[in-house]
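Sequence lines, in order, name chains W and G.
Going by this note's numbering, 9 is the number at position 9 of the first sequence; the sequence numbering is gapless.
Residues are numbered in this note's numbering as their position in the second sequence, beginning at 1, plus a constant of 265.
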Amino acid sequence: MRVALREVGIVGPGLTDWTSARAVLRGERPYVTAPIQARPLLGLPANEARRATLATRLALDAARQATTDTDRARLSSVFASSDGDMSLIDSLCRDIFQHCFPPSPTVFQNSVHNAVAGYWSIAEGCRQPSTSLAAGDGSFAAGLLEAATQVICTAGPALLVAFDQPAPELLHPHRPFGCAFACALLLEPATPDTALVRLDLALRAADDGNTQTPMRNPELEAMRRRNPAARALPLLTAIAADQDAAIQLPYWPDLRLDVRLSRGA
Amino acid sequence: MQRINQPTMPIAPARVRAYTLTTALGQGCNHHIQALTDMRPGLRASTMNEAPVPAWVGIVDALDDTHLPADLAEFDCRNNRLAELTLTGDDFIAKVLAARDAWGPTRIGLFLGTSTSGIRHTEQCYRRHFEQGTPGLGDDLRFDSTHAYVSLADYCRRRLGLRGPACVISTACSSGAKTFAAAHRALTAGLCDAAMVGGVDTLCLTTIMGFHALGLLSPQPCTPWGQGRAGISVGEGAAFALLELTGAGEDLALLGYGESTDAYHITSPHPDGIGAELAMRSALASAGLTAGEIDYINLHGTGTPANDLSEDRAVTAVFGAAPIASATKGWTGHTLGASGAVEAVLSLLCLQHGLLPGTLNTTTLDPALSVRPIRRSRRQPIMRALSNSFGFAGNNCALVFGRI
Chain W
1 MRVALREVGI VGPGLTDWTS ARAVLRGERP YVTAPIQARP LLGLPANEAR RATLATRLAL
61 DAARQATTDT DRARLSSVFA SSDGDMSLID SLCRDIFQHC FPPSPTVFQN SVHNAVAGYW
121 SIAEGCRQPS TSLAAGDGSF AAGLLEAATQ VICTAGPALL VAFDQPAPEL LHPHRPFGCA
181 FACALLLEPA TPDTALVRLD LALRAADDGN TQTPMRNPEL EAMRRRNPAA RALPLLTAIA
241 ADQDAAIQLP YWPDLRLDVR LSRGA
Chain G
266 MQRINQPTMP IAPARVRAYT LTTALGQGCN HHIQALTDMR PGLRASTMNE APVPAWVGIV
326 DALDDTHLPA DLAEFDCRNN RLAELTLTGD DFIAKVLAAR DAWGPTRIGL FLGTSTSGIR
386 HTEQCYRRHF EQGTPGLGDD LRFDSTHAYV SLADYCRRRL GLRGPACVIS TACSSGAKTF
446 AAAHRALTAG LCDAAMVGGV DTLCLTTIMG FHALGLLSPQ PCTPWGQGRA GISVGEGAAF
506 ALLELTGAGE DLALLGYGES TDAYHITSPH PDGIGAELAM RSALASAGLT AGEIDYINLH
566 GTGTPANDLS EDRAVTAVFG AAPIASATKG WTGHTLGASG AVEAVLSLLC LQHGLLPGTL
626 NTTTLDPALS VRPIRRSRRQ PIMRALSNSF GFAGNNCALV FGRI
């Protein structure tokens, strides 16, 4: 299954945007960790902006980076996240069992997995199909597959956004993430004469043991291993390097997603 | 009207090789046919002590006595029990295993919807922590195999020995419907040769109390399209289907799907139903059908004032004022992330048995609404049905089923 890659977005600790992250991933600048920063939201009405969570801010930041040069209202979208915003579930459960209050309506409405996608659609005025999905540690691969099949079936563009963030104190030991991370890929049909990077996707049984492309930098490898959305890092690194490459992404324990990158004509 | 990104038209029909469902009406198709025929309700007044709010709920009683296979005990939670109970209905497991053996386990896709997965189990761990002062939430939380969205797909994948592409779609109340669309894409793109789809959602406190906090929970059994309707009744439910693009002979099939987003508000639907209308038009276009070729509409019909008004405007814009339609949530309650799959399977039952379900509980139709849903179930052969599902954050999906 072949698609073309138009643009990329990224937000992670020490990776503030694609332009600067690209230099780090190419090895031209050292990786220096730093607290993640959520830039101001663009496009949302004040009421929605006030209600938007950190997960929404990071996801929309990455999405905006990947859609600077396109009509965003035309984009089908896929939002992939293993566990969404676990602080909302924590808040709902604390309201009910600790404070014995009815939960906050705003927290409840934000707790649906597709709330982030909803905020994005409102910010961009986009009424196109949108799918929010999860596949645990394979969520990025699942999202990439779904976005690619949308591109294939509609012969149109699709935006993939992946994000995950650490859980609050009580849930953290049960789903320990190292940091927050979000990234976005804008995909479109691969025409024979495209000058864009082409991605060829193939499912492979993961029985051979060699199932995931790691990061060379230990800090980035730790980031990759401790956030499902950051499982995208090897693919993003290959994109940054602008060279042909073969990347193995984790999907299910017995199944991986192989991505071959090649530069168009 | 805006153009929606949709598949190259018309899509190839996806044959429905098997289907089953479990709701408050019972396990399997026969209980549902019987209940719909007899106008027998599934809702009862809530007696959940932890959710002290006036509400009616659709409960699957058998879950208390449902057990997962011993080697999958780590997945034990109410949601996976409902998945297990539902799988064992209507020979569904045997039909999936036959497809697995015919195509190979890596060639069966799995696309399932849920809104809250096993959160009920997490709630109990929070309750214990705060009531008994236990340290942390406890090792028996088993987050990955209960709470996590992926737990539902992971459970079914292991239970059925599938090794193909799989994910959980969670777009609130359109989740279960969208699995049919995602599966059709995966089949079309050649990622798999057969695909199991569906949805599973179980009662939990965060949902009941959350809808109550939003003022959307009806203190009486929900009355879709009714005058003075007061909101939803929540139910638990699950439905599964098995789809294939290949085959010959007469069959029930997924003929079309349409998806859209409101881009309007996180909890309120667009007042004019713009997104819903886009989804229905896209579903018809992908099926290569006109509105006049649809014999029956299974409305989303939640019973909240705003939802039904919005859907009424959308349906009227597409079908005119007099389509044959009904809402079935008065029977099952709103099964949320499963509802799109539950109502897809109810639509398949309508096609299979020539039965049009009425709209239970609704005695006086809202005079402000144009569509006049049928109130009492009746026998009437139909060729094609459209099922609507609309979720929070303005996520819409319409499916078209028919005979081929």
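C-beta: ideal position from N, C-alpha, C; glycine also.
Please read all numbers here as calculations on a predicted model, not as lab measurements.
Take the Cβ of W/Thr56 as the centre, count every other Cβ of all protein chains shown within 10 Å, and call the residue buried at 16 or more, exposed below. W/Thr56 should be labelled buried.
Beta-carbon proximity of G/Leu664 to G/Ala548, cut-off 8 Å: Result yes, Cβ atoms of G/Leu664 and G/Ala548 sit closer than 8 Å.
According to DSSP, is G/Asn270 helix, strand or coil? The three-state reading of DSSP puts G/Asn270 in coil, since its state is none of H, G, I, E or B.
Cβ of W/Ser87 less than 8 Å from any chain G Cβ? Chain G, which has no Cβ nearer than 8 Å to the Cβ of W/Ser87, makes this no.
For G/Thr387, does the three-state DSSP call read helix, strand or coil? DSSP places G/Thr387 in helix when its eight states are reduced to three.
May I ask you to list the residues that DSSP assigns as paired with G/Thr287? Beta-bridge pairing links G/Thr287 to G/Gln292, G/Ala503.
Compare the C-beta of W/Arg149 with all C-beta atoms of chain G and state if any pair is closer than 8 Å. Note that residue 149 of chain W corresponds to Thr in the displayed sequence, not to Arg. For W/Thr149, the answer is yes, since a Cβ of chain G falls inside 8 Å of its Cβ.
With a threshold of 7 Å on Cβ separation, who are the neighbours of G/Glu315 within its own chain once the five nearest residues in sequence on each side are excluded? Hits under 7 Å: Leu470.
Looking at C-beta atoms only, is the number of pairs between the region 624–637 of chain G and the region 524–542 of chain G that lie closer than 8 Å three or more? No, because fewer than three Cβ pairs between the region 624–637 of chain G and the region 524–542 of chain G fall closer than 8 Å, the two stretches do not touch.
So who's on the other strand from W/Thr221, going by DSSP bridges? Position check: residue 221 of chain W holds Glu in this sequence, whereas Thr was assumed. The partner list for W/Glu221 (beta bridge, DSSP) is empty, contrary to what the question assumes.
Within-8 Å CB hit, G/Ser380 to chain W: Chain W, which has a Cβ nearer than 8 Å to the Cβ of G/Ser380, makes this yes.
Neighbouring residues, chain W, relative to G/Gln742 (Cβ below 7 Å): Because residue 742 of chain G is not part of the residues shown, which for chain G are 266 to 669, the question remains open.
Of all Cβ atoms in chain W, is any one closer than 8 Å to the Cβ of G/Tyr420? Not an interface residue.
Just verifying my parser: in three-state terms, what is the DSSP assignment at G/Phe666? Look at G/Phe666 here: in three-state DSSP terms it is strand.
Run through chain W and tell me which residues come within less than 8 Å of G/Tyr529, C-beta to C-beta. Under the 8 Å cutoff, chain W gives Ile122.
Any idea which residues DSSP pairs G/Ala431 with across the strands? Paired residue(s): G/Leu375.
May I ask you to list the residues that DSSP assigns as paired with G/Glu524? G/Cys662, per the DSSP bridge assignment.
May I have the straight-line CA-CA distance separating W/Thr149 from W/Pro166, to the nearest angstrom? C-alpha separation (whole angstroms): 29 Å.
Excluding the 5 residues flanking W/Asp258 on each side, which residues of the same chain have their C-beta closer than 6 Å to its C-beta? For W/Asp258, the CB contacts under 6 Å within the same chain, skipping 5 residues up- and downstream, are Ala202, Arg204, Gln248 in chain order.
How far does the alpha helix (DSSP H) with G/Val583 in it reach, from first residue to last? For G/Val583, the enclosing alpha helix (DSSP H) has its first and last residue at 570–584.
Which ranges would you report for the alpha helix (DSSP H) in the region 415–496 of chain G if only whole runs of at least 4 residues count? You should have 415–425, 440–453, 470–478.
Are the beta-carbon atoms belonging to G/Leu479 and G/Cys421 less than 8 Å from one another? Not a contact, by the Cβ cut-off of 8 Å.
Consider the Cβ of W/Cys179: report whether some Cβ of chain G lies at a distance smaller than 8 Å. Residue contact with chain G for W/Cys179: absent (no Cβ-Cβ distance below 8 Å to any residue of chain G).
Among W/Pro176, W/Thr67, W/Leu261, W/Ala141, the one whose alpha carbon lies nearest that of W/Cys126: With distances taken between Cα atoms, W/Cys126 lies closest to W/Thr67.
I'd like to check one pair, W/Asp85 with W/Asn110: are the Cβ atoms closer than 8 Å? At the C-beta level, W/Asn110 and W/Asp85 come within 8 Å of one another.
Run through chain G and tell me which residues come within less than 9 Å of W/Pro102, C-beta to C-beta. Using a Cβ-Cβ cut-off of 9 Å, W/Pro102 is close to Val318, Met474, Gly475, His477, Ala478 of chain G, given in chain order.
For W/Ala232 and W/Asp242, the rounded distance between their alpha carbons: So the two alpha carbons sit approximately 16 Å from each other.
Give a yes or no on contact between the region 613–627 of chain G and the region 304–314 of chain G, applying the rule of three or more CB pairs nearer than 8 Å. Yes, they touch.
Counting only C-beta atoms, is W/Ile247 closer than 8 Å to chain G at any point? So, not an interface residue.
With 9 Å as the C-beta to C-beta threshold (strictly closer), list the residues of the region 512–525 of chain G near chain W in chain order. Taking 9 Å as the Cβ-Cβ cut-off against chain W, the residues of the region 512–525 of chain G that qualify are Gly523, Glu524, Ser525.
For the candidate residues G/Ala459, G/Pro334, G/Arg385, G/His449, whose alpha-carbon lies nearest to that of G/Val465? Selected option, being the one with the closest Cα: G/Arg385.
Backbone secondary structure at W/Ser77 - three-state DSSP: Residue state, collapsed to three classes: strand.
Tell me which residue opens and which closes the alpha helix (DSSP H) that W/Asp200 is part of. Going by DSSP, W/Asp200 is part of no alpha helix (DSSP H) but of the beta strand (DSSP E) stretching over 197–205.
Enumerate in chain order the residues of its own chain whose CB-to-CB distance from W/Ser82 is below 6 Å, with the five nearest sequence positions on each side excluded. The beta carbon of W/Ser82 sits closer than 6 Å to the beta carbons of Ala134, Gly136, Ser139, Asp164, Pro228 from its chain, once the five residues preceding and following it are set aside; these are given in chain order.
With 16 other CB atoms within 10 Å as the buried threshold, where does G/Ala367 fall? Label assigned to G/Ala367: exposed.
Coil, strand or helix - G/Asp405 by DSSP: Helix, per DSSP.
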